[in-house]
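Chains as they are written, first to last, in the numbering used here: chain H, 13 to 405; chain X, 39 to 224.
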């Protein structure tokens, strides 16, 4: 390993004059490149470094944003304050974020000596002369080729369209969520959301890998992911889901967004289901209906074995958070009671419970007797007593 | 919600353009000099308040604006050191772990990052301090070699060499470890 106090050898390594551009190129277009074991500008390494320093880069840009906001509060900026989409200052070091200097401006700003500047100017002048000469030559060749009458076809300098590789980039990202509204749902109930990100890629690329992160909570945390895009593909979708309880403070579901890190930085719009859940009402049993089967024993012979089913239908207040109904039921006209309970979910408005009496129909007509329900929790309420009509014969 | 920012390149007002052009460099320079991240932000605010006061910076020729800003930053820093000498300070390194953005501090983000980047972190720690600083300024702050050279007080060519050496070392050590791990797994 070399140490920092080792003398700097300017001839070390390859041409480092364009190291910045090489790094950016490596970060941008590296997905198709094969890793080279000897190359310090290995695209994968550059991406790893970018990802490693991403939190610091985000903090750095958030710091810049905070200062800019304070500057605006001091009235130094001529524009009206504008809301930035939350939390995602793009990672630094990418070309679209920096204002590229004009080559002349960059040239003037460098501290090069006049001899160096003169040599560059001379080189530029020579290049202009060379390009002009080539252009004139090509025009002449083209003219001669066209003026040949009756002879064999002469190759001309007309350029032949060649398949040019379109750089693999993501031009935009759409993001959609299903369901797109939670209006009408009850706070406290669970919900599941499916997010579909659609990446748009220019036509004619060689394809590559899109590395991105998605957030479901406005950027407080994010999950890395990637998709492989085939050659020529112009759109590619990626789906992720989220499930959870809809809280009364409406903090879920949050703002979702997709942030593409590579091959270039581009963010999707932020999406969030519209509407909000309704506040849960109190968990309350508003009524109990009773039904019995069979409804009549008329015509049946006394001594016949019979099963009578009593069915209670509990009615619960809408938008309730759900809970457990505790009650007793009777099959002997209230002389005895058996405890039972039933659990209902958030938002559920009805629930049923069945219980039975079995036995032989007595000749003294003392069975079956009326049955019913008495609710003790969450509130007290009693049903009517119902039983089969008629008597055995 | 984040404040408005010219960083996304949406604001073409002269002040926004100047801030976008020179803010990152001045901020990175101040981060290196100040005791804390918050102090660096305060100083950056003061520098640009001075710059935009009566459009001073716009009156400076374009090619001299960065030097002008750096000069103002140096003066602000001197004032800052003078005042902070009378106040108890905590070294930036001592609280470096708490200076990340909120999302970066979330437990899941930290755990994920540690898991993904344990080898890279180890390789970076094995770099000489200056090389590590160069890598951080390049990939964290996004500065170019010219700007890194000014921040570190070194020649631009030397910064390129340092960056090249660091990348070569990381390629050899970190990527070597990665490939070795892959082979072991196979």
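Glycine residues also receive a C-beta, built at the ideal position from the N, C-alpha and C atoms.
What residue does the beta strand (DSSP E) around residue i start on, and which one ends it?
i, result
"residue 398 of chain H", "Element bounds for residue 398 of chain H: n/a, residue is neither H nor E."
"residue 236 of chain H", "235-241"
I'd like to know whether the C-beta of residue i is nearer than 8 Å to at least one C-beta of chain H.
i, result
"residue 15 of chain X", "With chain X covering only 39 through 224, there is no way to say anything about residue 15 of chain X."
"residue 115 of chain X", "no"
"residue 119 of chain X", "no"
"residue 270 of chain X", "The structure shown does not extend to residue 270 of chain X, since chain X spans only 39 to 224, so no value can be given for it."
"residue 94 of chain X", "no"
"residue 110 of chain X", "no"
"residue 106 of chain X", "no"
"residue 191 of chain X", "no"
"residue 99 of chain X", "no"
"residue 205 of chain X", "yes"
"residue 87 of chain X", "yes"
"residue 82 of chain X", "yes"
Measure the beta-carbon distance from residue i to residue j and round it to whole angstroms, keeping in mind my assumption that it falls under 8 Å.
i, j, result
"residue 275 of chain H", "residue 181 of chain H", "6 Å"
"residue 197 of chain H", "residue 188 of chain H", "19 Å between Cβ atoms; not a contact."
"residue 83 of chain X", "residue 267 of chain H", "Wrong, their Cβ atoms sit about 28 Å apart, outside the cutoff."
"residue 207 of chain H", "residue 251 of chain H", "7 Å"
"residue 309 of chain H", "residue 402 of chain H", "5 Å"
"residue 299 of chain H", "residue 341 of chain H", "Contact doesn't hold; Cβ gap of about 16 Å is too wide."
"residue 313 of chain H", "residue 379 of chain H", "Not a contact, Cβ separation roughly 14 Å."
"residue 408 of chain H", "residue 192 of chain H", "With chain H covering only 13 through 405, there is no way to say anything about residue 408 of chain H."
"residue 335 of chain H", "residue 75 of chain X", "Between residue 75 of chain X and residue 335 of chain H the Cβ distance is about 49 Å, and since that is not below 8 Å, they are no contact."
"residue 247 of chain H", "residue 210 of chain H", "6 Å"
"residue 343 of chain H", "residue 326 of chain H", "With 8 Å as the limit, residue 343 of chain H and residue 326 of chain H do not qualify as a contact, their Cβ atoms being about 18 Å apart."
"residue 59 of chain H", "residue 39 of chain H", "7 Å"
"residue 358 of chain H", "residue 292 of chain H", "7 Å"
Hey, does residue i have any beta-carbon neighbour from chain X nearer than 8 Å?
i, result
"residue 187 of chain H", "no"
"residue 80 of chain H", "yes"
"residue 75 of chain H", "yes"
"residue 88 of chain H", "yes"
"residue 120 of chain H", "Residue placement at residue 120 of chain H is poorly supported in this model, since its pLDDT is 39, which falls under 50; the coordinates are not used for a value here."
"residue 62 of chain H", "yes"
"residue 59 of chain H", "no"
"residue 53 of chain H", "yes"
"residue 226 of chain H", "no"
"residue 335 of chain H", "no"
"residue 28 of chain H", "yes"
"residue 365 of chain H", "no"
"residue 397 of chain H", "no"
"residue 32 of chain H", "yes"
"residue 271 of chain H", "no"
"residue 216 of chain H", "no"
"residue 83 of chain H", "yes"
Identify the continuous alpha helix (DSSP H) that holds residue i and give its terminal residues.
i, result
"residue 76 of chain X", "75-90"
"residue 386 of chain H", "Not the alpha helix (DSSP H): residue 386 of chain H falls in the beta strand (DSSP E), residues 384-389."
"residue 351 of chain H", "Not the alpha helix (DSSP H): residue 351 of chain H falls in the beta strand (DSSP E), residues 350-356."
"residue 223 of chain H", "From DSSP, residue 223 of chain H is part of no alpha helix (DSSP H) but of the beta strand (DSSP E) over 220-227."
"residue 361 of chain H", "First-last for residue 361 of chain H: undefined, no H or E at that position."
"residue 183 of chain X", "183-190"
"residue 86 of chain H", "Here residue 86 of chain H belongs to no alpha helix (DSSP H), and DSSP marks it neither H nor E."
"residue 110 of chain X", "103-122"
"residue 61 of chain X", "52-71"
"residue 53 of chain H", "Looking at the DSSP string, residue 53 of chain H is not in any alpha helix (DSSP H), and its letter there is neither H nor E."
"residue 97 of chain X", "94-97"
"residue 171 of chain X", "167-177"
Per DSSP, which one or two residues make a beta bridge with residue i?
i, result
"residue 372 of chain H", "H/317"
"residue 209 of chain H", "H/187 and H/250"
"residue 257 of chain H", "H/202"
"residue 367 of chain H", "H/322"
"residue 393 of chain H", "H/387"
"residue 271 of chain H", "H/225 and H/279"
"residue 178 of chain H", "H/217"
"residue 193 of chain H", "H/286"
Shorter than 7 Å, the distance from the beta carbon of residue i to the closest heavy atom of the ligand PLP, or not?
i, result
"residue 281 of chain H", "The ligand PLP is not among the ligands present in this structure, which contains no ligands whatsoever."
ask   = Can you list the beta strand (DSSP E) stretches of 3 or more residues lying completely in the segment 273-348 of chain H, in chain order?
value = If one requires a minimum length of 3 residues, the beta strand (DSSP E) runs lying completely within the segment 273-348 of chain H are 297-305, 317-328 and 335-342, in chain order.
Give me the subset of the segment 247-268 of chain H whose CB atoms are less than 8 Å from a CB atom of chain C, sorted by chain position. Reference to chain C is not applicable here, since the protein chains of this structure are H and X.
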